[in-house]
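Working notes for the structure below.
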Amino acid sequence: MYTQEVTEHFHNPSNVGTIADADGVATIGSASSGEMIKLTLRIVDDRVIAAKFRAFGCPTVIACGSVLTELVSGRHISDAKTISAEHISKALGGIPEDKSRFTVYAEKVLKTAIEDALILN
Numbered sequence: 113m114y115t116q117e118v119t120e121h122f123h124n125p126s127n128v129g130t131i132a133d134a135d136g137v138a139t140i141g142s143a144s145s146g147e148m149i150k151l152t153l154r155i156v157d158d159r160v161i162a163a164k165f166r167a168f169g170c171p172t173v174i175a176c177g178s179v180l181t182e183l184v185s186g187r188h189i190s191d192a193k194t195i196s197a198e199h200i201s202k203a204l205g206g207i208p209e210d211k212s213r214f215t216v217y218a219e220k221v222l223k224t225a226i227e228d229a230l231i232l233n
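Here's what the structure looks like:
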């Protein structure tokens, strides 16, 4: 059911945690609903220099958070804004149709965290 990439990101997720004093923060969903992803970003000179996530839910939401941090790290904000649910799915080798909402959550949490950073600066 899951690709090798999803399984790897679930078992060995990248960048788990929270950045203290993050420049951008966003949460989509809630732990009480069983589906949540939180993203924190450190941005310097309009470039994402660090990204960390916390997730609650199935292996897919954890894998989406993990791969999202890898995709966004090191990118200029204007480039980071272009990361889409499709990019996230492709990086994970595809997502089952019934789990595709998690790629949308990941895209939304990224764009919301970037907006939060831009408002604060």
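One rule links them: number in our numbering = place in the sequence shown (from 1) + 112. We put the beta carbon where it would ideally sit given N, CA and C, even for glycine.
Query, Result
"Sub-8 Å separation of F214 and T152 beta-carbons", "no"
"Whole-number beta carbon distance between R166 and G186, since they are thought to touch under 8 Å", "Not quite, the Cβ-Cβ distance comes to about 21 Å (not below 8 Å), so this is no contact."
"Validate contact between the stretch 207 to 221 and the stretch 120 to 135 using beta carbons, cut 8 Å, 3 pairs", "no"
"Segment limits, alpha helix (DSSP H) that includes L180", "P171 to V184"
"A197 CB to nearest heavy atom of the ligand NAD below 7 Å", "Of ligands this structure carries none, so the ligand NAD is not represented either."
"Buried or exposed by the 16-neighbour rule on C-beta atoms within 10 Å, applied to M148", "buried"
"Straight-line Cα distance separating A163 from S238", "One cannot answer for residue 238 here, as it falls past the ends of the chain, which runs 113 to 233."
"A203 burial status per 10 Å Cβ neighbour count (16 or more: buried)", "buried"
"A132, DSSP secondary structure in three states", "coil"
"Whole-number beta carbon distance between I231 and A192, since they are thought to touch under 8 Å", "About 16 Å separates the two Cβ atoms, so there is no contact after all."
"According to DSSP, residues forming a beta bridge with F165", "V128 and L151"
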